[in-house]
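Written out below as structure tokens is the structure these notes cover.
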């Protein structure tokens, strides 16, 4: 199991959703990331690029070259999948933005994040919820288009219990490497369809410089050891 970090504009002088302010003093400490890569504590770094049909992260063109400049790290970008956008619209958004950076489809990873129903609140125009089959078919279509285009895909499941509830458990969806977050207790469980976790997101606070923020990497190591030893994630 590889472990690493995911970032977005929130981590590089961007808007803080918690304080509703612009964190001008917040930035990713490249030297800290490089050191943890050298120490074998970070294997990958994925940064956000797009969401749905029209949203683009304001910092990905700045962050991604920094990732690529670190020797020995696995680089990637992630797209947040939305049911309110068609697979074709999302495909166009992703590929148009990837053309703006030095992204190598045969080497770099493209992560599709399924988010969660409770967070995205995506519903049909009539207010009804999407069915399991509709969600899975739309996701499958997007993944299929990207795979045919030669992209190296990873599927990110933000909440295991919501994946189990809101998506079908078809083997073709589980063909992609699985990425799980550390922040959700349910992420300690493997979603239906997979046998193991391939990528595990670490607490990035150890490499993010924030004003008046205390870094807590030792706590992170304890969480990782618990997951690795107690929860059969290989």
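Residue numbers (this note's numbering): 8 to 241.
Heads up, the beta-carbon is just placed ideally off N, CA and C, and yes, glycines get one too.
Notebook entry, point to check: So residue 11 is in the beta strand (DSSP E); what residue range does that whole segment cover?
Noted result: As a position in the chain shown, residue 11 is number 4, starting the count at 1. Residue range 9-14 is occupied by the beta strand (DSSP E) that includes residue 11.
Note to self: Could you compute how far the alpha carbon of residue 68 sits from the alpha carbon of residue 140?
What the structure shows: Within the chain shown, numbered from 1, the residue matching residue 68 stands at position 61. Within the chain shown, numbered from 1, the residue matching residue 140 stands at position 133. Answer to the nearest angstrom: the Cα atoms are 35 Å apart.
Notebook entry, point to check: Residues bridged to residue 84 by DSSP?
Noted result: Here residue 84 refers to the residue found at position 77 of the chain shown. For residue 84, which the question treats as bridged, DSSP gives the partners 54, 117.
Checklist line | Own chain residues within Cβ distance below 6 Å of residue 91, not counting five before or after | finding: Locating residue 91 in the chain shown gives position 84, where the first residue counts as 1. Correct list, in chain order: 129.
Notebook entry, point to check: Short check: CB of residue 12 to CB of residue 203, under 8 Å?
Noted result: Position 5 of the chain shown, counting from 1, holds the residue named residue 12. Position 196 of the chain shown, counting from 1, holds the residue named residue 203. Not closer than 8 Å, so no.
Check: Does the separation of the CB atoms of residue 51 and residue 81 fall below 8 Å?
Finding: Taking the chain shown and counting its residues from 1, the one referred to as residue 51 is at position 44. Taking the chain shown and counting its residues from 1, the one referred to as residue 81 is at position 74. Against a cut-off of 8 Å, the Cβ pair of residue 81 and residue 51 comes out as a contact.
Note to self: Here's a check: name, in chain order, each residue in its chain whose Cβ is nearer than 6 Å to the Cβ of residue 59, leaving out the five neighbours to either side.
What the structure shows: What you label residue 59 is simply residue 52 of the chain shown in a count that begins at 1. For residue 59, where only same-chain residues beyond five positions count, the Cβ hits under 6 Å are 89, 92.
Note to self: Measuring only the C-alpha atoms, how far is residue 57 from residue 63?
What the structure shows: Numbered from its first residue, the chain shown carries residue 57 at position 50. Numbered from its first residue, the chain shown carries residue 63 at position 56. Rounded to whole angstroms, residue 57 to residue 63 spans 4 Å at the Cα level.
Check: Of all the options 201, 84, 132, which has the alpha carbon lying nearest to the alpha carbon of residue 110?
Finding: Along the chain shown, one-based indexing puts residue 110 at 103. The option with the nearest alpha carbon to residue 110 is 84.
Margin query: Considering only the alpha carbon of each residue, which of 102, 86, 147 lies closest to residue 182?
Written below: As a first step, residue 182 must be located in the chain shown, where it is residue number 175. Closest option to residue 182, Cα to Cα, is 147.
Next item on the list: Mind checking who residue 37 pairs with in its DSSP beta bridge?
Entry: In the chain shown, counting from the first residue as 1, residue 37 sits at position 30. In the DSSP output, where bridge partners are listed per residue, residue 37 has none listed.
Next item on the list: Let me know the secondary structure DSSP gives residue 201 once reduced to three states.
Entry: Looking up residue 201 in the chain shown gives position 194. Three-state result, residue 201: coil.
Notebook entry, point to check: Does DSSP classify residue 159 as helix, strand or coil?
Noted result: Indexing the chain shown from 1 puts residue 159 at position 152. Residue 159: strand per DSSP, three-state reduction.
Notebook entry, point to check: What's the C-alpha gap between residue 156 and residue 171?
Noted result: If you number the chain shown from 1, residue 156 lands on position 149. If you number the chain shown from 1, residue 171 lands on position 164. If I take the Cα positions, the gap works out to 28 Å.
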